[in-house]
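Which chain is which? The protein sequence lines are U and A, in order.
Remember, my numbering sits 4 above the position in the first sequence when you count from 1.
Remember, my numbering sits 553 above the position in the second sequence when you count from 1.
Glycine is no exception: its CB is placed at the ideal position from the N, C-alpha and C atoms.
Computed from a predicted model, the values in this text were never measured in an experiment.
Right, one structure below, let's go through it.
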Amino acid sequence: MKFFSRRSIRVWQRNRDVFFRLWHAETPAFVAEPVIILLAMGLGLGAYVGLVDGQRYIEFITPGLIAGYAMFSASFECTYGSFVRLEHQRTFDAIIATPLDIEDVSAGEIFWGATRAAMTGTAMLVIAAAFGLVHSPYALLIPLVCFLEGVMFASIGLFFTSVVPSIYSFNYYFSLFITPMFFFSGVFFPLSSFPTVVQKLSWVIPLTPVVHLTRGLVSGNLHLNLLLLVLVVLAFTIPFFILSMVTMRRRLIV
Amino acid sequence: MNAIETRNLTKKFKDITAVSEVNLQVNEGECYGLLGPNGAGKTTLIRMVTAMSPPTAGEIYIFGNNLKSHSHQIKAMLGVVPQTDNLDPDLTVIQNLVTFARYFDIPKREAIKRSHEVLKLFQLDERKNSPIRELSGGMRRRLLIARGLINSPKILILDEPTIGLDPQAKHLVWDKLVELKALGVTQLLCTQNMEEADFLCDRVAIMHQGRIIETDTPKALLHRHIGSKVWEIELHPNTKNSVVQMLKEKGIHPEMAGNRIYLFKGEDLAAIQGIIPTQQVRSRPPTLEDVFFKLTGRYLTE
């Protein structure tokens, strides 16, 4: 297997330039939706839910929503976005005729997906802080956590992208993987509400450790387990990162 | 030294052999044409030479360096113009070029300068801020070629560069390619257009079923396979078979296409005079297309 090189930055730059050229086409929706969910669930539903683990409901869901929407950003970028560049625009074909290798393209896509996750996470953090929902300076680490989370979901997404036959296959990816994860990872209610079996299962889905990480940082409730959570995220990330390099080469270099 | 050399280059896809033991030698500074029907293996050969497809067997050398071990250095000096348009539709015309230059690590100021140069060269400078979707097919193709020049390549590899162009744009592209050759840029040109091959290429190779079956200068190919004249004879459908039968009895085996037959060099025109009235016989100068048909057949190969 080949590894990626510093040239992957060129692909990141290309995606960045396109994003800032067309940002108004998608960014408002990406920021508006989480804010709407935060207010609707936090204030609306929250009025009935009362305190969760000693917090107001809206405070409970804020860090989870940050992690969840960072996941959506990285996932959309490296599924629909990457697939359009791969198959419909043949952008990757054009790039690999230059000194870049396909591994540089894959890594550039993943790092750009992670950057999108960090941008979403940061925007949401700022909004949450404006609503007075952030209680710890450790929350400043959120963009970093979202980037790491972004590498994970971008890698999983790009792996899936490199093996699917058509753009419609992503309906499965989102309906059966991403959206359920949003509800079973402790974003909206503590995992302890689930039966024991479901609780155990929710620890093998990659969003769960991130939700606990962001929750710890936003509330300032730091403990050593947070480092363990980082290791869990890395354990999901590394295999999929490597796998996506291999499968993307297999798809494009024939 | 050869600009491009392949040794026994072979590519198999499952049970299909797309390219079979090709030994290609392109001299520095020449324009070398690859001709062949669809499915002959031209594009597969080009994809291997541009490091976009790993060979099943054989080696590729660019200026003496093995492509396998020097792919980055080699790709940095290639300009690739693909057959399918893969311009970046998310970017404008000038952004396409500047972004592409960045893949080659060309500094921004230099990239902008070169982008303006190549836009001017292909008369696209007035459209530099247009989105790609607003360009006509001909403009997109010109931009695709312009993009291939952004890194000042030593070797330009073109896959059907003038397909879909109107005659004006086609001649503009041809003129630019001739100018580039004068500047010493080696060209490997894949084309179905025999007029183009004749106009641009110092040497051509004819590919058929994955192999190079003949290579030489266009002139030498005409001389060897066709001669100085082609006789074209239009026959009546009713008498066609009996006429051909009579010709065969005299030892003449003409090329046939529908109701028309072609006679090339070495065939005795005097011998047919008794069979076909001379006013039905039309003579014309030979073209590469005659060679092409003679070597690859008149029937669809896929």
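is_contact[residue i, chain U] using C-beta, thresh 8 Å
i                 : result
Pro-607 (chain A) : yes
Val-671 (chain A) : no
Val-633 (chain A) : yes
Gln-648 (chain A) : yes
Asn-639 (chain A) : yes
Arg-655 (chain A) : yes
Ile-642 (chain A) : Correcting the residue type first, residue 642 (chain A) is Pro in the shown sequence and not Ile. So yes, Pro-642 (chain A) belongs to the interface.
Thr-603 (chain A) : yes
Thr-570 (chain A) : no
Thr-652 (chain A) : yes
Minimum Cβ-Cβ distance from residue i to chain A less than 8 Å
i                 : result
Val-250 (chain U) : no
Val-1 (chain U)   : Nothing can be reported for residue 1 (chain U): it is not among the residues displayed for chain U, which extend from 5 to 258.
Arg-120 (chain U) : no
Ile-171 (chain U) : no
Arg-255 (chain U) : no
Val-208 (chain U) : no
Gln-17 (chain U)  : yes
Leu-217 (chain U) : no
Leu-26 (chain U)  : yes
Val-258 (chain U) : yes
Beta strand (DSSP E) segment containing residue i, residue limits
i                 : result
Phe-566 (chain A) : 555-566
Thr-598 (chain A) : The residue you asked about is not Thr; residue 598 (chain A) is Leu in the sequence shown. Here Leu-598 (chain A) belongs to no beta strand (DSSP E); instead the alpha helix (DSSP H) covers 595-602.
Ile-765 (chain A) : 764-769
Gln-59 (chain U)  : Taken as a continuous stretch (DSSP letters only), Gln-59 (chain U) belongs to no beta strand (DSSP E), as it is neither H nor E.
Ser-836 (chain A) : 834-837
Val-572 (chain A) : 569-575
Arg-756 (chain A) : 756-761
Tyr-786 (chain A) : Looking at the sequence itself, residue 786 (chain A) is Ile, so the reference to Tyr does not match. Counting along the chain, the beta strand (DSSP E) containing Ile-786 (chain A) begins and ends at 783-787.
Neighbour-count burial assignment, residue i, 16 or more Cβ in a 10 Å radius
i                 : result
His-761 (chain A) : buried
His-92 (chain U)  : exposed
Ile-242 (chain U) : exposed
His-625 (chain A) : exposed
Asp-719 (chain A) : exposed
Lys-628 (chain A) : buried
Ser-166 (chain U) : buried
Gln-943 (chain A) : The requested residue 943 (chain A) is not part of the displayed model; chain A covers only 554 to 855.
Asn-682 (chain A) : exposed
Trp-27 (chain U)  : exposed
Tyr-172 (chain U) : exposed
Val-726 (chain A) : buried
Arg-11 (chain U)  : buried
Trp-207 (chain U) : exposed
Run of the alpha helix (DSSP H) containing residue i, from where it starts to where it stops
i                 : result
Ser-223 (chain U) : 211-223
Asn-812 (chain A) : First-last for Asn-812 (chain A): undefined, no H or E at that position.
Gln-203 (chain U) : 200-206
Asn-19 (chain U)  : 12-26
Leu-230 (chain U) : 229-256
Glu-713 (chain A) : It is not in any alpha helix (DSSP H) - Glu-713 (chain A) carries neither H nor E in the DSSP assignment.
Problem set entry | Interface positions of the segment 72-105 of chain U facing chain A (Cβ-Cβ less than 7 Å), listed along the chain | Hits within the stretch, in order: Gln-93, Arg-94, Thr-95, Asp-97, Ala-98, Ile-99, Ile-100, Ala-101, Thr-102, Pro-103, Leu-104.
Problem set entry | chain U contacts from the segment 606-629 of chain A (Cβ-Cβ distance under 7 Å) | Of all residues in the segment 606-629 of chain A, Ser-606, Pro-607, His-625, Lys-628, Ala-629 have a Cβ within less than 7 Å of some Cβ in chain U.
For this session: Taking 8 Å as the threshold, find out whether the segment 71-81 of chain U comes into contact with the segment 153-172 of chain U through three or more Cβ pairs.
Result: Yes, since at least three Cβ pairs between the segment 71-81 of chain U and the segment 153-172 of chain U fall closer than 8 Å, the two stretches touch.
Exercise. Taking three-plus beta-carbon pairs below 8 Å as touching, is the segment 683-695 of chain A in contact with the segment 650-660 of chain A?
Worked result: Touching, no, given that fewer than three Cβ pairs across the two stretches are closer than 8 Å.
For this session: Return the residues of the segment 587-600 of chain A that lie within a Cβ-Cβ distance of less than 9 Å from chain U, sorted by chain order.
Result: Within the segment 587-600 of chain A, contact with chain U at the beta-carbon level (separation under 9 Å) is assigned to Arg-600.
Exercise. With a cut-off of 8 Å, do at least 3 Cβ pairs link the segment 176-191 of chain U to the segment 141-151 of chain U?
Worked result: Contact fails: fewer than three Cβ-Cβ distances are below 8 Å.
Exercise. Which residues, in order along the segment 790-801 of chain A, keep a beta-carbon less than 9 Å from a beta-carbon of chain U?
Worked result: Within the segment 790-801 of chain A, no residue qualifies.
Problem set entry | Stretch-stretch touch, CB-based, cutoff 8 Å, three pairs: the segment 573-593 of chain A with the segment 746-766 of chain A | Yes, they touch.
For this session: Return the residues of the segment 726-748 of chain A that lie within a Cβ-Cβ distance of less than 7 Å from chain U, sorted by chain order.
Result: The residues in question: there are none.
Exercise. Closer than 8 Å, Cβ to any Cβ of chain A: which residues of the segment 105-116 of chain U, in chain order?
Worked result: Of all residues in the segment 105-116 of chain U, only Asp-105 place a beta-carbon less than 8 Å from a beta-carbon of chain A.
For this session: Report yes or no: do the segment 608-622 of chain A and the segment 636-645 of chain A share at least 3 C-beta pairs separated by less than 8 Å?
Result: No: fewer than three Cβ pairs fall under 8 Å.
Problem set entry | Sufficient close CB pairs (3 or more, under 8 Å) joining the segment 750-758 of chain A to the segment 582-592 of chain A | Yes: the two stretches touch, three or more of their Cβ pairs being nearer than 8 Å.
Exercise. Does the segment 35-50 of chain U come close enough to the segment 665-678 of chain A that 3 or more CB-CB pairs lie under 8 Å?
Worked result: They do not touch, by the three-pair rule.
Problem set entry | Contact between the segment 731-740 of chain A and the segment 706-720 of chain A (3+ Cβ pairs under 8 Å) | Output reads yes: the segment 706-720 of chain A touches the segment 731-740 of chain A.
For this session: Take every Cβ of the segment 767-776 of chain A, pair it with every Cβ of the segment 796-811 of chain A, and state whether three or more of those distances are shorter than 8 Å.
Result: Judged by Cβ distances under 8 Å, the segment 767-776 of chain A makes no contact with the segment 796-811 of chain A, as fewer than three pairs qualify.
For this session: Pair every Cβ in the segment 100-108 of chain U with every Cβ in the segment 123-138 of chain U, then say whether three or more of these pairs are closer than 8 Å.
Result: Result no; under three Cβ-Cβ pairs closer than 8 Å.
For this session: Decide if the segment 789-801 of chain A is in contact with the segment 844-851 of chain A; the criterion is three or more beta carbon pairs, one per stretch, under 8 Å apart.
Result: No, they do not touch.
Exercise. Three or more C-beta pairs closer than 8 Å, one from the segment 782-794 of chain A and one from the segment 587-607 of chain A: is that the case here?
Worked result: The segment 782-794 of chain A makes no contact with the segment 587-607 of chain A, as fewer than three CB pairs between them are under 8 Å.
For this session: Report yes or no: do the segment 109-128 of chain U and the segment 15-33 of chain U share at least 3 C-beta pairs separated by less than 8 Å?
Result: Verdict: yes, contact present.
Problem set entry | Contact list for the segment 49-70 of chain U against chain A, Cβ threshold 8 Å | In summary, no residue of the segment 49-70 of chain U has a CB separated from any CB of chain A by less than 8 Å.
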